[in-house]
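Chains as they are written, first to last, in the numbering used here: chain A, 1 to 197; chain C, 198 to 605; chain V, 606 to 792. Beta carbons: idealized from backbone N, C-alpha and C, even for Gly. Everything on this sheet refers to the single structure shown next.
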Amino acid sequence: MSIETPKPPAKPDFTPYHTVRQSPIMFPNQPHTHPLPPSAGDHLTASLGHNFVTTTVNKVVAWGRYNSMWPALFGLACCAIEMMGTGGPKFDLARFGAEVFRASPRQADLMIVAGRVSQKMAPVLRQIYDQMPEPKWVISMGACASCGGVFNNYAIVQGVDKVVPVDVYVPGCPPRPEALLDAVLKLQRKIRAQAVA
Amino acid sequence: MSEAPATGFVEGLNLIGDTPEGPLMELNMGPQHPSTHGVLRIVLRVEGEIVRYADPDIGYLHTGFEKDFERLTYHQAVPLTDRMDYLSPLGNNLGYALTVEKLLGETVPERAQRIRVIMVELARIGSHLVWLGTHALDLGAQSAFLYGWREREKILEINEMVSGVRMMTSFIRVGGLMADVPPEFDAAVQAFVDDFRGKVDDYESMLTDNPLWTDRTRDLAVISAEEAMDYGLGGPTLRASGVAHDLRKDAPYSGYDDYEFNVPTGTHGDVYDRYLVRIHEMRESIDIVEQALARLKPGPVVIDNRKVVIPPRHELDTSMEAVIHHFKLVTEGFRPPAGEVYVGVEGPRGELGYYLVSDAGNKPYRLKVRAPSFSLIGAIPRLVVGHILADVVAILGSLDFILGDSDR
Amino acid sequence: MGVADTSADRAALQKALEIVNQRLPGAGVEIEETPPEGALLLDAAHLVDACRVLKEDAGLRFAIPLFCTAVDWLDREPRFDLVYQLRSLHLQAAIRVKVRVEDRLDGLPSVPSLTGVWKGMGYLEREVYDLFGIEFEGHPDLRRILMPVDWEGYPLRKDYVSFGEPVKFTDRGSFPPDAAVPQGSEQ
Numbered sequence: 001m002s003i004e005t006p007k008p009p010a011k012p013d014f015t016p017y018h019t020v021r022q023s024p025i026m027f028p029n030q031p032h033t034h035p036l037p038p039s040a041g042d043h044l045t046a047s048l049g050h051n052f053v054t055t056t057v058n059k060v061v062a063w064g065r066y067n068s069m070w071p072a073l074f075g076l077a078c079c080a081i082e083m084m085g086t087g088g089p090k091f092d093l094a095r096f097g098a099e100v101f102r103a104s105p106r107q108a109d110l111m112i113v114a115g116r117v118s119q120k121m122a123p124v125l126r127q128i129y130d131q132m133p134e135p136k137w138v139i140s141m142g143a144c145a146s147c148g149g150v151f152n153n154y155a156i157v158q159g160v161d162k163v164v165p166v167d168v169y170v171p172g173c174p175p176r177p178e179a180l181l182d183a184v185l186k187l188q189r190k191i192r193a194q195a196v197a
Numbered sequence: 198m199s200e201a202p203a204t205g206f207v208e209g210l211n212l213i214g215d216t217p218e219g220p221l222m223e224l225n226m227g228p229q230h231p232s233t234h235g236v237l238r239i240v241l242r243v244e245g246e247i248v249r250y251a252d253p254d255i256g257y258l259h260t261g262f263e264k265d266f267e268r269l270t271y272h273q274a275v276p277l278t279d280r281m282d283y284l285s286p287l288g289n290n291l292g293y294a295l296t297v298e299k300l301l302g303e304t305v306p307e308r309a310q311r312i313r314v315i316m317v318e319l320a321r322i323g324s325h326l327v328w329l330g331t332h333a334l335d336l337g338a339q340s341a342f343l344y345g346w347r348e349r350e351k352i353l354e355i356n357e358m359v360s361g362v363r364m365m366t367s368f369i370r371v372g373g374l375m376a377d378v379p380p381e382f383d384a385a386v387q388a389f390v391d392d393f394r395g396k397v398d399d400y401e402s403m404l405t406d407n408p409l410w411t412d413r414t415r416d417l418a419v420i421s422a423e424e425a426m427d428y429g430l431g432g433p434t435l436r437a438s439g440v441a442h443d444l445r446k447d448a449p450y451s452g453y454d455d456y457e458f459n460v461p462t463g464t465h466g467d468v469y470d471r472y473l474v475r476i477h478e479m480r481e482s483i484d485i486v487e488q489a490l491a492r493l494k495p496g497p498v499v500i501d502n503r504k505v506v507i508p509p510r511h512e513l514d515t516s517m518e519a520v521i522h523h524f525k526l527v528t529e530g531f532r533p534p535a536g537e538v539y540v541g542v543e544g545p546r547g548e549l550g551y552y553l554v555s556d557a558g559n560k561p562y563r564l565k566v567r568a569p570s571f572s573l574i575g576a577i578p579r580l581v582v583g584h585i586l587a588d589v590v591a592i593l594g595s596l597d598f599i600l601g602d603s604d605r
Numbered sequence: 606m607g608v609a610d611t612s613a614d615r616a617a618l619q620k621a622l623e624i625v626n627q628r629l630p631g632a633g634v635e636i637e638e639t640p641p642e643g644a645l646l647l648d649a650a651h652l653v654d655a656c657r658v659l660k661e662d663a664g665l666r667f668a669i670p671l672f673c674t675a676v677d678w679l680d681r682e683p684r685f686d687l688v689y690q691l692r693s694l695h696l697q698a699a700i701r702v703k704v705r706v707e708d709r710l711d712g713l714p715s716v717p718s719l720t721g722v723w724k725g726m727g728y729l730e731r732e733v734y735d736l737f738g739i740e741f742e743g744h745p746d747l748r749r750i751l752m753p754v755d756w757e758g759y760p761l762r763k764d765y766v767s768f769g770e771p772v773k774f775t776d777r778g779s780f781p782p783d784a785a786v787p788q789g790s791e792q
């Protein structure tokens, strides 16, 4: 008795010149094996494997965006000190591209809300978020920014997502610098995933 | 004076009024600003570059601590105290613990006092390192920020070794400490002590005689001792104006009278003197840590009162009484006698005080925290008016206030 | 020693009592003996003069205003205890000064301001106005300092409910059990 194995799908007649199998930027050393039209010259044929990278515009743009996210300075309370520590020499946020903490929100694309947001500060938070140009992302750092933290009273907004949309939440009081780095890396993966569209 | 709008914002730039020299422009500094060291908003009115009027607007970090203290038991309030002056959380813990212990009439054992002193002085050094880093960063010396954080990471590692948490340790509790320190503590602190004095010399060599630094900070925002006292200022700011007042010497607590250390004072009361006083304070603090470490002897780290401190874990297996004490303390807490007490400790910014009113219940009836930063911010208008905008940044850095402390 | 020795504070309190009663004979100042420390009890009419004596007398010199706060005794008449703490470097001691303030049905209770005596009282009194609703006559700039300018209510009063969000458990309603879960929210 033979087991019916499903037949592989029929190959299209025309092989596309530029086929994206994987992102060439992530795996630059893998050779590309496109079948080429017979009219290509030998020199070009030989060099096509390693002198060109092929990709989509979306992926390149996403790569540029996540590899150089500029945080807007939005340290409010204790989490700000750990955020400064993450930018400091031991944990070094700069090696992931988030080198410059911009004071002006007009020049930033990542807002790390680090600390407790009081009722008086909430409109300021919204205004700074509105002043940032698109595309922009928000990391809610710490328990107070994510859900109000230990403070459930008249003065603290119970979670910054009541005011701005949040991409990544980081628990902790304050979160370790490694946790904030993990959040930044998760956000980078999120941006990369959103580019495949 | 324009009334502050409801959102706390001033829309755009306002040219208001005319002085004989020219028009006055209203500028908004903060609350999101790299140099205000927190969420401080200052409404400035400038004539050209010179500030003619300054009105600090605080409350952007108001957390309602004092209201929360009224609904938590005395033990539950300890983690909350960490988060007020968040650069030296152990200092807040200590002030609170001393206040409640004063009301109870208890004194913690000697080993607990010495470890408290070590941790609080390390926290003070950590706070001064952040001050140095951010103050120098504002004035352009970016390396000081990176150097300060390199040292601060070692202090945070010691915190983590002792309590498991880098910053908000809640290590100093009512009745003693959270637990005894692990065996690696002595070696780690000694290594830090041996290394740190050379590092402070490095920072001084970078800034103290540097004309770029002295030009920006000498003779700036001079405040006399009488005026500083009138505003309620204390700590390094008052000492820079020449008053040798340090609560660790004048009203010693937790065994501070056992250690030999100096109280650095300045002569002019300007921004440069405040910088120098804090640098020297770091050296004095490391001396205190070394002395406390050398005199550390084995012993208990909590008081022997089971009605206040929860019993050690191993006793819960064998003693019914220990289980009952543990249960009552965790669910209900202890009830100190009725009364009112005030304890002030020397924080990195000034006198950090706790005023506790107890009605013999298991929660404080009123716990007021005397925040040194609140008075420091009150003195900003006096210090800033008459200087140019670039100097405002230097002055704010030299005061070293923390908004978590002032806004509570 | 574990806690600061308070005998200097107690001696300073006695001395302050004597000197104030000497310089202001009609004031009738006394010590309120709340354990373990006491406080100097003044009335609002003599507050400014007594504080000026405390600050300027050569034997006292309470030059540093530490804090100004209030305690809300909801079931007592007068309702508020206005508490000041002052430090003297001359005596190396700190004392507490109290004024009892009655609540008013038709407005906010009012006390003379001490900004003429200590400049630091400016911010300290604003905080009490903001959180307790006690007005200070003669304060140059009395407005809210910690809460937003248009906030209604005085949060640290005992009858101000510190609303928080009730924590919603999907299987058990809300915690604390008597908290009202907002209508129309999910679960």
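By the criterion of Cβ-Cβ separation under 7 Å, what are the contact partners of residue i in chain C?
| i | result |
| --- | --- |
| residue 683 of chain V | None at all; the shortest Cβ gap to chain C is about 16 Å. |
Residues of chain C with a CB under 8 Å from the CB of residue i: which are they?
| i | result |
| --- | --- |
| residue 661 of chain V | Neighbours of residue 661 of chain V on chain C: none; closest Cβ ~12 Å, over 8 Å. |
| residue 85 of chain A | 346, 349, 350 and 353 |
Taking Cβ-Cβ distances shorter than 9 Å, what residues in chain D pair up with residue i?
| i | result |
| --- | --- |
| residue 169 of chain A | Going by chain labels, chain D is absent from the structure shown, which instead holds the protein chains A, C and V. |
Between which two residues does the beta strand (DSSP E) carrying residue i extend?
| i | result |
| --- | --- |
| residue 144 of chain A | Counting along the chain, residue 144 of chain A falls outside any beta strand (DSSP E), though it belongs to the alpha helix (DSSP H) covering 142-147. |
| residue 767 of chain V | Element bounds for residue 767 of chain V: n/a, residue is neither H nor E. |
| residue 717 of chain V | 715-717 |
| residue 661 of chain V | From DSSP, residue 661 of chain V is part of no beta strand (DSSP E) but of the alpha helix (DSSP H) over 652-661. |
| residue 390 of chain C | Careful: residue 390 of chain C lies outside any beta strand (DSSP E), inside the alpha helix (DSSP H) at 382-404. |
| residue 541 of chain C | 536-543 |
| residue 635 of chain V | 635-637 |
Closer than 7 Å by beta-carbon distance: list the chain V residues that pair up with residue i, in chain order.
| i | result |
| --- | --- |
| residue 426 of chain C | 668 and 669 |
| residue 119 of chain A | 753 |
I need the boundaries of the alpha helix (DSSP H) containing residue i, first residue and last residue.
| i | result |
| --- | --- |
| residue 263 of chain C | 262-266 |
| residue 357 of chain C | 339-360 |
| residue 735 of chain V | 726-737 |
| residue 427 of chain C | 422-427 |
| residue 83 of chain A | 78-87 |
Report the neighbours of residue i on chain A: residues whose CB is nearer than 9 Å to its CB, in chain order.
| i | result |
| --- | --- |
| residue 767 of chain V | 152, 153, 154 and 155 |
| residue 760 of chain V | 153, 154 and 155 |
Please state whether DSSP places residue i in a helix, a strand or coil.
| i | result |
| --- | --- |
| residue 600 of chain C | helix |
| residue 672 of chain V | strand |
| residue 58 of chain A | helix |
| residue 194 of chain A | helix |
| residue 209 of chain A | Outside the displayed span of chain A (1 to 197) sits residue 209 of chain A, for which this structure offers no information. |
| residue 701 of chain V | strand |
| residue 578 of chain C | helix |
| residue 623 of chain V | helix |
| residue 266 of chain A | With chain A covering only 1 through 197, there is no way to say anything about residue 266 of chain A. |
| residue 257 of chain C | coil |
| residue 565 of chain C | strand |
| residue 198 of chain A | For residue 198 of chain A there is no data in the structure shown, the boundaries of chain A being 1 and 197. |
| residue 26 of chain A | With a pLDDT of only 45 at residue 26 of chain A, under the threshold of 50, the placement of this residue in the model should not be trusted, and no figure is reported. |
| residue 243 of chain C | strand |
What does residue i touch in chain A if you count any residue whose Cβ is under 8 Å from its own?
| i | result |
| --- | --- |
| residue 640 of chain V | Ordered by position in chain A, no residue passes the 8 Å Cβ test against residue 640 of chain V, which lies about 31 Å from the chain. |
Note down, in chain order, every chain V residue with its Cβ under 8 Å from the Cβ of residue i.
| i | result |
| --- | --- |
| residue 255 of chain C | 750 and 751 |
Counting only Cβ pairs nearer than 9 Å, list the residues of chain C close to residue i.
| i | result |
| --- | --- |
| residue 88 of chain A | 330, 342, 343, 345, 346, 347, 349 and 350 |
Applying a beta-carbon distance threshold of less than 9 Å, which residues of chain V neighbour residue i?
| i | result |
| --- | --- |
| residue 557 of chain C | Within 9 Å Cβ-Cβ: nothing; residue 557 of chain C doesn't reach chain V, min ~11 Å. |
Cβ pair count under 8 Å reaching 3, the region 347-361 of chain C against the region 373-386 of chain C: A contact between stretches requires three or more CB pairs, one per stretch, nearer than 8 Å, and the region 347-361 of chain C meets this requirement with the region 373-386 of chain C.
Cβ contact check for the region 558-578 of chain C and the region 533-547 of chain C: 3 or more pairs under 8 Å: yes
Unbroken stretches of the alpha helix (DSSP H), 4 residues or longer, contained in the region 458-516 of chain C: With a minimum length of 4 residues, the continuous alpha helix (DSSP H) runs that stay inside the region 458-516 of chain C are 468-491.
Cβ contact check for the region 332-351 of chain C and the region 392-405 of chain C: 3 or more pairs under 8 Å: yes
Sufficient close CB pairs (3 or more, under 8 Å) joining the region 284-302 of chain C to the region 314-323 of chain C: yes
Segment contact, 8 Å Cβ cut-off, at least three pairs: the region 636-656 of chain V with the region 466-486 of chain C: no
Inside the region 264-318 of chain C only - alpha helix (DSSP H) runs reaching at least 4 residues: 275-279 and 286-301
Meets three-Cβ-pair contact criterion under 8 Å: the region 686-702 of chain V and the region 614-626 of chain V: yes
Three-pair Cβ contact test at 8 Å for the region 752-765 of chain V versus the region 728-737 of chain V: yes
Inter-stretch contact at 8 Å, needing at least 3 Cβ pairs: the region 524-535 of chain C / the region 407-415 of chain C: no
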